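**Student:**
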Amino acid sequence: MTESFDYFVISKTLQCWYEQNKRELPWRETKDPYAIWISEVILQQTRVNQGYDYYLRFIRRFPNVKALAKASEDDVLKQWQGLGYYSRAHNLHAAAKQIEEIFHGEFPKKYSDILSLKGIGEYTAAAIMSIAYREPFAVIDGNVLRVISRLFMIEEPVNSVRGKKKIAAIAHAILDPQHPEIHNQAIMDFGATLCKPKQPKCNDCPLQVHCLAFAKNVVSEYPVKNKSTKITNRYFHYFHIIHNDHTYLCKREANDIWKNLYEFPLIETSKPSTFIELQNTASFTRLFGANHDILFTHQSHVKHILSHQIIYADFYKVEIPDSENFSLPDKFQKIPAEYITDFPVSRLIHKYMENY
DNA sequence: AATACGGGGAA
DNA sequence: TTCCCAGTATT
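Mapped onto our numbering, the consecutive letters of the first sequence carry residue numbers 787 to 1142.
1) Using three-state DSSP, classify Pro819 as helix, strand or coil.
2) Mind pulling the beta strand (DSSP E) runs of 3 or more residues that sit fully within the stretch 1040–1106?
3) Counting only the same chain and skipping the five closest in sequence on each side, list residues whose C-beta sits under 7 Å from that of Leu1064.
4) Just curious, the alpha helix (DSSP H) that Tyr1147 is in, first and last residue?
5) Phe1000 by DSSP, collapsed to three states: which one?
6) Just curious, the beta strand (DSSP E) that Pro1009 is in, first and last residue?
7) Quick one: give me the first and last residue of the alpha helix (DSSP H) that Phe976 is part of.
8) In or out: Glu1110 buried (at least 16 other Cβ within 10 Å) or exposed?
9) Counting along the chain, where does the alpha helix (DSSP H) carrying Arg1133 start and finish?
10) Using DSSP with H/G/I as helix, E/B as strand and the rest coil, what is Arg1020?
11) Go ahead and label Asn970 buried or exposed: buried means 16 or more other beta carbons lie within 10 angstroms of its beta carbon, across all protein chains shown.
12) Lys808 and Asp962 - do their beta-carbons sit closer together than 8 Å?
13) Nearest-angstrom Cα distance between Val1088 and Tyr1034?
14) On the DSSP letters alone, give me the boundaries of the beta strand (DSSP E) that Gln1119 sits inside.
15) Closest to Lys950 by C-alpha separation, out of Val862, Thr1015, Ile824 and Arg932, would be which residue?
16) Buried or exposed for Met787, please, with buried defined as at least 16 other CB atoms from any protein chain shown within 10 angstroms of its CB.
17) Going by other Cβ atoms of all chains shown within 10 Å of its Cβ, with 16 needed for buried, is Val1104 buried or exposed?
18) Quick check on Ile900: buried or exposed, where buried means 16 or more other Cβ atoms within 10 Å of its Cβ?
19) With distances taken Cα to Cα, identify the nearest neighbour of Ser1059 among Tyr1098, Gly1075, Phe1074 and Asp1079.
20) Can you name the residues that DSSP bridges to Thr1033?
21) Taking 6 Å as the limit between beta carbons, can you name the residues of its chain near Ala911, skipping five residues before and five after?
22) Give the DSSP-derived three-state secondary structure of Phe848 in the structure shown.
23) Taking Cβ positions, are Leu878 and Tyr840 nearer each other than 8 Å?
24) First and last residue of the alpha helix (DSSP H) that includes Arg874?
25) Compute the beta-carbon to beta-carbon distance between Ile796 and Leu993, rounded to the nearest angstrom, for a pair I have assumed lies under 8 Å.
26) Skipping 5 residues on each side, what residues in its chain have a beta carbon closer than 8 Å to that of Arg1020?
27) Can you tell me whether Ile732 is helix, strand or coil according to DSSP?
28) Could you check what DSSP says for Lys798 in three-state terms: helix, strand or coil?
29) Pairing CB atoms from the stretch 846–856 with CB atoms from the stretch 909–927, are three or more of them under 8 Å?
30) If you measure between the beta carbons of Trp1101 and Gln1119, is that distance less than 8 Å?
31) By alpha-carbon positions, which one of Ile1027, Ala972 and Thr1018 ends up nearest to Ser1056?
32) Please identify the residue among Gln831, Ser858, Ser1132 and Glu815 whose C-alpha is closest to the C-alpha of Asp927.
33) Could you please give the first and the last residue of the uninterrupted alpha helix (DSSP H) stretch that includes Gly928?
34) Between Ile934 and Ile956, is the Cβ-Cβ spacing less than 8 Å?
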């Protein structure tokens, strides 16, 4: 009894704080489940500032499920270019088609149906249920994990199953079922702007009296977390081929970084390699044969840092005389030079194209 | 239960 | 440098 009352006070305090301090955001102007969905997927593992413009552009280009479903894969990827985690765009596109075919173009209203859509997990399903339909589902994202882990001094790592279950139980317990959409957005905004990972503003915190970690002066030790995996090094060698004002691009199909994005013909090596060493590989011969009239020029060496890998990329300009008879296998698309910007590419390729 | 998946911003 | 962000899918 006293416990549930305490939970109620916590939610009310958060909601009150939210009304005074919430950020004005475009996806908070609508109850359209489609728009809410797009915003939530864009914001997966992505800060509001980074996703803001993408949201506006995406909604303008694909205003509803039908528009997204009938768009081309490349068009959707192109809108996503630069945002990262490209499977989100792929899944968004697939889910729009799911909605068209399975739910007859109407965005589903049941939690289980929403959860069945590609790219929607427990967090996003709960966010849509609560924000678009005002149903009592508690969201659990990075902010909620941190806020609850501090408030209740959760000792289990938040990235362990036990820790997550413990926090999920509390998240549901403190949810105000009368105002789930306000509660959920309140606790996330609170975590993002006040109960931050570094330098939380405990002095301004309206939940200070409820916070066990603050009482023991150990806020900075929470959330407890298992250490992350280590990073790997990769070595990419790209060939920007120029032949009759055309170049070649290839779509990345493997389950790897940048899946479904395009890039120049690539040779990846397990160690740093000079051009001479590259020339002696079977991959090189497959691309360029034994043709001696080709002029290779080293253009740039780039260190590209991702979350769990570092890519060392060399770019070579490959000039082939117009008179030369040259072609590559079908998986490489021959592209007129002026069309290369039509293809969705990684940040790494985009930067090269900009400087070229 | 672990790992892969981008890119950027803050300290 | 390190952390981590309105997480999900795969292994």
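Beta carbons are placed, not taken as given, at the ideal position from N, Cα and C, and that holds for glycine.
Source: prediction; values computed, not measured.
**Tutor:** Taking the coordinates as given:
1) Correct three-state label for Pro819: helix.
2) For the stretch 1040–1106, whole beta strand (DSSP E) runs of length 3 or above, ordered along the chain, are 1052–1055, 1081–1091 and 1095–1105.
3) Excluding the 5 residues flanking it on each side, Leu1064 has same chain C-beta neighbours closer than 7 Å at His1023, Ile1053 and Phe1070, in chain order.
4) An answer regarding residue 1147 cannot be provided, because it is not within the stretch 787 to 1142 covered by the chain.
5) Reduced to three states, the DSSP call for Phe1000 is helix.
6) Annotation: Pro1009 is outside any beta strand (DSSP E) and is labelled neither H nor E by DSSP.
7) Counting along the chain, the alpha helix (DSSP H) containing Phe976 begins and ends at Pro966 to Thr979.
8) Exposed, because fewer than 16 other Cβ atoms sit within 10 Å of the Cβ of Glu1110.
9) Where Arg1133 is concerned, the enclosing alpha helix (DSSP H) stretches over Arg1133 to Asn1141.
10) Three-state DSSP puts Arg1020 in a strand.
11) Classification for Asn970: buried.
12) Not closer than 8 Å, so no.
13) Computed Cα separation, rounded: 20 Å.
14) Residues Phe1118 to Pro1122.
15) Per the Cα distances, Arg932.
16) Since pLDDT at Met787 reaches only 43, below the 50 mark, its modelled position is unreliable, and the value read off the structure follows with that caveat. Burial is judged here by how many other beta carbons sit within 10 angstroms of a residue's own beta carbon; Met787 has fewer than 16 and is exposed.
17) Buried: at least 16 other Cβ atoms inside 10 Å.
18) In summary, Ile900 is buried, with 16 or more beta-carbon neighbours lying within 10 Å of its beta-carbon over all protein chains present.
19) Selected option, being the one with the closest Cα: Tyr1098.
20) Under DSSP, Thr1033 takes part in a beta bridge, and its partners are Ile1121.
21) Tyr897, Ile900 and Leu901.
22) The DSSP-derived three-state label of Phe848 is coil.
23) It is not a contact, given that the beta carbons lie outside the stated cut-off.
24) Arg874 -> alpha helix (DSSP H) spans Ser873 to Ile888.
25) About 6 Å separates the two Cβ atoms, so the contact holds.
26) Spatial neighbours of Arg1020 in its own chain (CB-CB distance under 8 Å, excluding positions within 5 residues in sequence) are listed in chain order as Glu1054, Gln1095, Ile1096, Ile1097 and Tyr1098.
27) Given that the chain is displayed from residue 787 to residue 1142, the structure contains no residue 732 and the question cannot be resolved.
28) Here DSSP, grouped into helix, strand and coil, assigns Lys798 to helix.
29) No, the stretch 846–856 does not touch the stretch 909–927.
30) Note that residue 1101 corresponds to Phe in the displayed sequence, not to Trp. Taking C-beta atoms as the reference points, Phe1101 and Gln1119 fail to come closer than 8 Å.
31) For the options Ile1027, Ala972 and Thr1018, the alpha carbon positioned closest to that of Ser1056 is the one of Thr1018.
32) It is Gln831.
33) Gly928 to Leu937 is the span of the alpha helix (DSSP H), which, as asked, contains Gly928.
34) Ile934 places its beta carbon less than 8 Å from that of Ile956.
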